[in-house]
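Here the structure comes first, spelled out in structure tokens, and everything after it is commentary.
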Amino acid sequence: MAMTRVLSTTLAAAVAALLLGAPARAEDAHGGPIPPRVHWSFAGMFGRFDTAQLQRGFQVYKEVCSNCHSMKLVSFRNLAQEGGPDFSASQVKALAATYQVKDGPNDSGDMFERPGRPADAFPAPFPNDQAAAAANGGKAPPDFSVIAKARTFSRGNLTFLYDWLPFVGYSEQGPDYIHGLLNGYRDAPKDFQMPEGGYYNLYYPGHIIAMPPPLSDGQVTYAKDDKGQPVAPETVDQYGKDVSAFLMWAAEPHMMDRKALGFRVILFLIILSGLLYYVKKKIWADVGGEVHGLQPELHKTW
Amino acid sequence: MSGTASTYVPKSRVAKWFESRLPIVGLVHSSFIAYPVPRNLNYFWTFGAILAAFLGIQIITGVWLAMHYEPSATGAFTSVEKIMRDVNYGWLLRYAHANGASMFFVAVYVHMFRALYYGSYKAPREVLYILGVVIYLLMMATAFLGYTLPWGQMSFWGATVITNILAAIPVVGDTIQSLLWGGYSVGNPTVNRFFSLHYLLPWMIAGVVVLHVWALHVTGQNNPAGIPIKSGKDAVPFTPYATVKDAFATIVFMILFSWFLFFMPNYLGHADNYIQANPAVTPAHIVPEWYFLPFYAILRAVPSKLGGVILMFSAVIILAFAPWLDTSRIRSCNYRPIYRQFMWVFLGVALVLGWLGSQPPEGGYVLAAQVCTAYYFAHFLIVMPLCGLFETPKPLPGSILESVTGPGKQVSGAGMPAGVAAAPQVKG
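Quick note, the sequences are listed as chains V and R, same order.
Going by my numbering, the first residue of the first sequence is number 1, and it counts up by one from there.
Going by my numbering, the first residue of the second sequence is number 1001, and it counts up by one from there.
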């Protein structure tokens, strides 16, 4: 018996050493700062999109990002959907009409341009990926439809153990990364080899990003409130937050529906499992009660 | 179908007419109603029902998704996003299917650990157990094929890595690879045939599940004491006792499933899979889904490609040999003081292997993966045979009833009539 205990303790110690020892070595591989955590209105179990923020974020996308970045999977009509920026149907119709959309072929076989309709997807700034790449130093700017779900970063090796849990969990890496990136432009360190046309960014993997800093303070003019002040600060930090929130909505337009339904489903399941537990207890009482726990015979004291 | 004779007596004339022509109602009755269940089963034994529920969920959501999915290199990614955005409750279908696959594997790993810990693989349940290993292999193939269908970056590069692995098989490897590719690289024909196979394999799983249940009902269930049913008092009828317990456990498990589905739907996936597949850009780290990580770690632990492939497949196949590698006559680890500790160490090593599979294959990670891989195989090839020879087991209880109530005591209320619970076939 003593032999077994020694054996199992040694093995457990070896396993623990592997678990704890390896991450220390990994620091270098994953190095680099982690984007700061933003307090998002849509995070958590009861998270909701902030309509005003989504509208501002859309304004930033429209006035700045959309010059290079497409959003092919999102349509104008989506802007009027519930749980989104919540524009009115007439606003969306008017907005769509300001775009020219290529359609056709018509009856005579010609392609033609017409004003956009709410059902149209957002027109891409470039006709194809090759044109986008040629105009942007050889690499096409990524599409923005699902970018908030397509970007992440590592916060360390073992955060996965608790990141999924209720209340302490964390799944907003995407918007945090976008916000961090937009605010992450710095002068390159002195010994840093910066290739032609590259910019130094704290949070971009490898730190060399081809996109010039897209935002500057005061670049986008937000609507004014009663006192003539902008409704939100016209700073890069605020622009970054607003556009990240907007992109999160664009990537997950049914998020609020999903969380609302999920809350009801889980509540129902908890009540149902409670009832089933007592039904089971009652039924098993007929045969002298049920064995409890996972390993009852190990802890029996007769 | 069952070791016990059917006690079903049709009452109505229609039922009598039908039963004398096709006794399927009697078959269901003897398998899911009168079937004798050991009365000491703990919650580990509810995972069979949970797995059946998930097979159902996956098939139903999958059939609906297939109505909207477009299996082509140009259309797959967009059609999946259309499902997420424009199909009514499409997001629910897709997230349920994706997270359902993960939960299916959570449940199957608990189920497998249960089988290993309580010696459910030992005589007379070898065939039952091997059918389980076959289901697990089919599940792995199905899950891999399914993960390629959204045609994101991880889909594409995962498919590339795995099909390249198969090419390492001597003689037939290249043929298998080009048959899967349908061309000279992963491309449009690959998505087409992967979709076809992904729709085919679940029905094969369902077929083997029928065999698995059939074999179970011939041999009877194992139990935490690892001793057979000896009298009617050791057992209770499946319905209502096991039915209500399975239902309760399944609903509790659904709470975990719902948490991921509704609140963390992308937690178990990879951000890179929301980038459309691009053969010209390789992701920084190509990583499979979490449930393959231990095997991925084993694959990368070996410097030679063919060697890694052999070890990875062996790591699964070796499970099928457990009935003959284990020399102990005692089934349940609860009565095996030494092997019981090795079982927990094995679980720890498997979890560490999984974590190592998610890390880049460099430096200390590779060494750690090699040590863990060696231990993984040593568990089956050294620990299992030797423990049975040298270990002194604890005394077994006289009967299942005694393991519940203590020696010499009786419970109120009979379990089953003695005749009904005639012990299923008993050997070793």
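Idealized CB from N, CA, C, for every residue including glycine.
Per DSSP, the unbroken beta strand (DSSP E) holding V:Gln100 starts and ends at Gln100 to Asp103.
Pairing R:Thr1250 with R:Ala1115 gives a Cβ-Cβ distance that is not under 8 Å. Using a Cβ-Cβ cut-off of 8 Å, V:His69 does not count as an interface residue toward chain R, since no Cβ of chain R sits closer than that to its own. Of the candidates R:Pro1228, R:Ala1053, R:Asp1234 and R:Met1264, R:Ala1053 places its Cα closest to the Cα of R:Phe1248. At a Cβ-Cβ threshold of 8 Å, R:Leu1149 and R:His1198 count as neighbours. With a contact defined as Cβ atoms closer than 8 Å, R:Tyr1274 and V:Val146 qualify at about 5 Å. Taking CB atoms only, R:Trp1259 has a neighbour in chain V less than 8 Å away. Of the candidates V:His39, V:Pro85 and V:Pro35, V:Pro85 places its Cα closest to the Cα of V:Leu247. Taking 8 Å as the cut-off, the Cβ atoms of V:Ala245 and V:Phe42 count as close. Of the candidates R:Arg1300, R:Pro1337 and R:Cys1372, the residue whose Cα lies closest to the Cα of R:Leu1353 is R:Cys1372. Of the candidates V:Phe153, V:Leu158, V:Tyr239 and V:Gly228, the residue whose Cα lies closest to the Cα of V:Leu202 is V:Phe153.
Looking at V:Pro105, V:Asp176 and V:Tyr162, the one whose alpha-carbon comes closest to that of V:Ile34 is V:Asp176. In the pairwise beta carbon analysis, the stretch 1289-1301 of chain R is classified as touching the stretch 1356-1363 of chain R: at least three pairs are separated by under 8 Å. Contacts between R:Pro1240 and chain V, judged by CB atoms closer than 8 Å, involve Ile283 in chain order.
For R:Val1236, the enclosing beta strand (DSSP E) starts and ends at Ala1235 to Pro1237.
Chain R places no beta carbon closer than 8 Å to that of V:Val168, leaving this residue out of the contacts. The CB of V:Val279 comes closer than 7 Å to the CB of Val1244 in chain R, given here in chain order. If you draw a straight line from the Cα of R:Lys1016 to the Cα of R:Pro1010, it is about 5 Å long.
Taken in chain order, the complete beta strand (DSSP E) segments of 3 residues or longer contained in the stretch 1187-1239 of chain R are 1235-1237.
Using a Cβ distance threshold of 8 Å, R:Phe1238 and R:Val1404 do not count as a contacting pair. Distance from the Cα of V:Asn67 is smallest, within the candidate group V:Gly57, V:Phe126, V:Phe112 and V:Ser88, for V:Phe126.
Nearest neighbour of V:Phe76 by Cα position, chosen from V:His69, V:Ser88 and V:His39, turns out to be V:Ser88.
Exposure of R:Thr1175 is indicated by the presence of fewer than 16 other C-beta atoms within 10 angstroms of its C-beta.
For the C-beta of V:Thr152, the chain R residues within less than 7 Å are, from N- to C-terminus, Ala1271. At a cut-off of 3 residues, the continuous stretches assigned as beta strand (DSSP E) that sit fully inside the stretch 1003-1065 of chain R are 1036-1038. Residue environment: R:Lys1305 is assigned as exposed (fewer than 16 neighbouring CB atoms within 10 Å of its CB, all protein chains considered).
Boundaries of the alpha helix (DSSP H) harbouring R:Glu1081: Ala1076 to Arg1085, taken from the DSSP string. Taking the Cβ atoms as the reference, R:Ala1215 lies roughly 5 Å from R:Val1127, within the contact range of under 8 Å.
Contact between the stretch 1218-1233 of chain R and the stretch 1322-1335 of chain R is present, with at least three C-beta pairs closer than 8 Å. Between V:Ala232 and V:Phe160, the alpha-carbon positions lie close to 35 Å from each other. Non-local C-beta neighbours of R:Phe1342 in its own chain, meaning closer than 6 Å and more than five positions away in sequence, comprise Val1383, ordered along the chain. Check the Cα spacing between R:Pro1279 and each of R:Thr1219, R:Tyr1008 and R:Ser1155: the tightest is with R:Ser1155. Under the DSSP definition of a beta bridge, V:Phe112 partners with V:Asp103. Using a Cβ-Cβ cut-off of 7 Å, V:His254 is close to Trp1091 of chain R, given in chain order. The C-alpha of V:Ile271 lies about 22 Å from the C-alpha of R:Leu1092. About 4 Å separates the beta carbon of V:Ala96 from that of V:Gly116, a gap short enough to meet the 8 Å contact definition.
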